[in-house]
Structures are given as C-alpha cells and as structure tokens.
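The structure under discussion appears below in the form of structure tokens.
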Amino acid sequence: MSENLDPAALLRWYIEAGVDEAIGDVPIDRTQVQAKAPTPKTERPVAPPQVVPATPAPAPIAAPIGDATAAHLAAAAHTVEELRAAVEAYTGCALKQFASRTVFADGNPKARVMFVGEAPGADEDRQGLPFVGVSGKLLDRMIGSIGLTRAESAYITNVVFWRPPGNRAPNDEEIAACLPFVVRHIELVDPAVLVCVGGLAAKTLLAKPQGITRLRGQWFDYETPGLARPVPCMALFHPAYLLRSPQQKKMAWRDLLAIKQKLGESGPN
Ligand code: URA
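Pasting the structure below:
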C-alpha cells in the first residue's frame with residue numbers, strides 16, 4: 021500500500037463499493053505474504069491414451085435454473101405460512117450459505133398492494149425482515165405518502181430471500197432458484213396491485229428487456245396460471261436509487277399517485 025494512502029479514505033472507498041464485512045476470521049497482513057515460488061517442472065512419462073467409460077455427472081450443489089424441486093415445493097404450499105416454511109427449509113439457492121437469516125416478507129399478507137424488491141441487505145439479514153435499512157425507511161415514507169402503512173395495508177418481499185454477499189446483485193441462477201416461490205407468493209397473496217421496487221424486480225417479474233427508466237410509470241398485467249385474473253403491476257424507482265438521485269423523486273411521486281388511483285378504482289382499502 022502506498023504510504024500516502026489514507027486508511028480511512030480506503031475504508032470509505034470499500035464501504036461505498038459494497039464491501040461491508042471481513043470474510044476471513046483472521047486478518048491477513050498482505051505486506052508480509054511472500055510470493056509463492058513456482059514449483060519446478062518435472063518430466064513425467066506420458067501415459068498412452070485410454071478409453072474411459074462415461075460416468076454420470078455429479079449432482080449439482082445449487083439448484084439449476086428452473087429448478088423442479090423449488091417449483092414442486094412452492095406448488096405444495098397452500099397458505100403464505102406454508103410457503104414461508106418451504107422457503108426456510110429450501111437449500112437450492114446458493115445465497116443461503118452466506119446469509120444469517122431468511123428474509124421472507126413483512127407487512128399484512130391480506131393487504132391489497134404487494135411490493136416486491138430486489139434482495140436483502142445487511143440490516144435485513146440481521147433482522148430477517150425486508151426493507152428495514154435506510155432505503156426501507158424511505159420505502160415506508162413512500163408507502164405512507166399514499167395513505168398506506170407497512171403493518172396494515174402493504175405487504176413487502178423481495179425476488180430473493182437471502183442477502184447476496186457484499187450486497188452485490190443476485191445473479192440469474194440465484195434469482196431462478198427463488199422464482200417459483202416468489203410467483204407462488206404472489207398467487208397466495210393475490211394482491212389488487214403488484215409493485216416492482218427497482219429494475220431487478222421489474223426485469224424478473226415483467227420479463228421485459230427494457231430498464232427501469234423505461235418500465236416505471238406504466239401498467240402491465242401480471243399473469244400466472246395460479247391467479248384467477250391478471251394483476252395490474254407497476255414498477256417504481258428503487259428507494260436506494262432515489263436516495264442517490266433525489267431529482268427522480270417527482271417521477272416516483274407520480275407513480276405512487278397512479279398506484280393510489282388504481283387501488284381506489286379496484287375497491288376499498
Ligand atoms: N433493498 C431491497 O431491494 N430489498 C430489501 O429488502 C432491502 C433493500
């Protein structure tokens with residue numbers, strides 16, 4: 021490390037890049053680590069080629085995309101509580117091994133509006149509840165601005181149930197491993213309005229190639245075989261993005277008013 025580099029500045033840089041935890045139990049002083057000497061090459065007699073009978077590939081550790089087990093377990097859940105138990109018992113998403121808690125949902129499962137965010141962060145991982153950190157506080161204010169509360173009139177979950185290490189975005193395989201549960205979750209809650217919070221949730225649920233800037237503010241029909249009718253679905257800017265780009269809050273406000281209006285059209289709160 022250069023002697024001019026301020027350790028506090030370096031630490032801040034790491035935190036801004038999403039590195040908020042030391043992975044090893046014991047810190048490594050990299051200034052003391054010796055470069056490993058290359059192992060000398062030894063001549064080995066070349067064995068004649070052999071024909072080896074094909075052996076079956078070992079079973080994958082993580083669930084492959086479109087995992088049949090997840091789909092089967094999700095379909096077997098007939099209540100939100102049964103689904104929560106199935107998700108907590110599920111080991112097919114690789115993220116689970118890094119997380120401390122399963123983050124299933126918060127709010128009222130009978131609410132008429134369901135918010136689906138991206139992935140738990142450090143605060144959510146500690147508390148086992150979605151959107152309880154800084155961006156969660158803003159989401160609560162956004163929900164409150166249209167007369168709803170998390171405890172009574174909103175239900176909140178994410179597209180993955182475990183925190184990705186270092187707050188990176190979940191990858192396609194991790195999202196696919198959770199997706200059957202997320203879809204079943206929506207079917208069981210059967211909300212009057214579905215809201216995708218952020219680009220990743222919109223991309224996952226709406227299966228559209230456009231980014232959040234294009235998708236937000238429009239109504240889509242969310243349909244699955246398990247829903248009696250298509251659910252109107254809108255994407256919102258993620259509160260973490262709004263905290264970084266407050267000039268976009270007016271667009272989010274517009275979208276929230278559209279959600280309020282749709283809820284008013286589809287019945288009493
Ligand atoms: N961001 C999300 O998308 N979900 C959470 O639960 C927390 C932050």
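The numbering used here runs 20 ahead of the 1-based position in the sequence shown.
Note that beta-carbon positions come from the ideal geometry of N, C-alpha and C, so glycine has one too.
State the Cα-Cα distance for the pair residue i and residue j, rounded to the nearest angstrom.
i    : j    : result
R234 : Q117 : 35 Å
A82  : Y110 : With a pLDDT of only 40 at A82, under 50, the local geometry of the prediction cannot be trusted, and the value read off the model is given with reservation. Each residue's alpha carbon lies about 11 Å from the other.
A114 : C198 : 10 Å
L256 : K228 : 15 Å
A171 : M162 : 14 Å
A221 : E144 : 17 Å
H92  : A106 : 10 Å
A142 : G186 : 8 Å
V203 : P27  : 45 Å
D160 : G148 : 17 Å
G284 : A278 : 10 Å
G287 : I206 : 19 Å
S265 : A96  : 42 Å
G127 : I232 : 25 Å
P200 : A90  : 6 Å
R104 : T169 : 22 Å
I195 : D87  : 11 Å
S155 : A94  : 29 Å
R236 : R146 : 30 Å
W182 : D192 : 14 Å
F151 : R188 : 16 Å
A248 : G112 : 29 Å
S173 : E243 : 22 Å
Quick one: measure Cβ to Cβ for residue i and residue j, integer angstroms, because I've assumed they're closer than 8 Å.
i    : j    : result
K282 : V213 : 5 Å
T122 : E102 : Actually they are not in contact, since the Cβ atoms of T122 and E102 sit about 15 Å apart, beyond 8 Å.
V133 : P211 : 6 Å
A125 : T177 : 4 Å
L158 : P259 : 4 Å
With a threshold of 7 Å between beta carbons, is residue i in contact with chain D?
i    : result
A221 : The chain inventory of the structure shown lacks chain D, comprising one protein chain alone.
I want to check one thing, is the minimum distance from the CB of residue i to the heavy atoms of the ligand URA below 6 Å?
i    : result
E194 : no
V201 : A small fix is needed here, since residue 201 is Phe in this sequence, not Val. Every heavy atom of the ligand URA is 6 Å or more from the Cβ of F201, so no.
N178 : yes
F181 : no
G141 : yes
S326 : Absent from the model: residue 326. The displayed extent of the chain is 21 to 289, so no value can be given.
F240 : no
F151 : yes
G137 : yes
E172 : no
E102 : no
E108 : no
E144 : yes
Who are the near neighbours of residue i in its chain, counting only those whose CB is closer than 7 Å to its CB and skipping five residues on each side?
i    : result
T59  : Only weak support exists for where T59 lies, its pLDDT of 42 falling under 50; the coordinates are left without a value.
L262 : L158, Q268, K269, A272
Sorted by chain position, which residues of the same chain lie with C-beta nearer than 6 Å to residue i's C-beta, five sequence neighbours on each side aside?
i    : result
Q230 : none
D241 : P250
P129 : V100, Y175, V209
C216 : V136, A222, L225, A255
P190 : A139, V180, P184
M271 : none
K280 : I166
G153 : G141, D143
G219 : G231, I232
A131 : S173, A174, Y175
Does at least one heavy atom of the ligand GTP sit under 6 Å from the Cβ of residue i?
i    : result
P185 : The ligand GTP is absent from the structure shown, which contains only the ligand URA.
Just to confirm my understanding: we take residue i, look at its own chain, exclude 5 residues before and 5 after, and list those with CB closer than 8 Å. What are they?
i    : result
S165 : W273, L276
Q238 : M254, A255
H98  : L208
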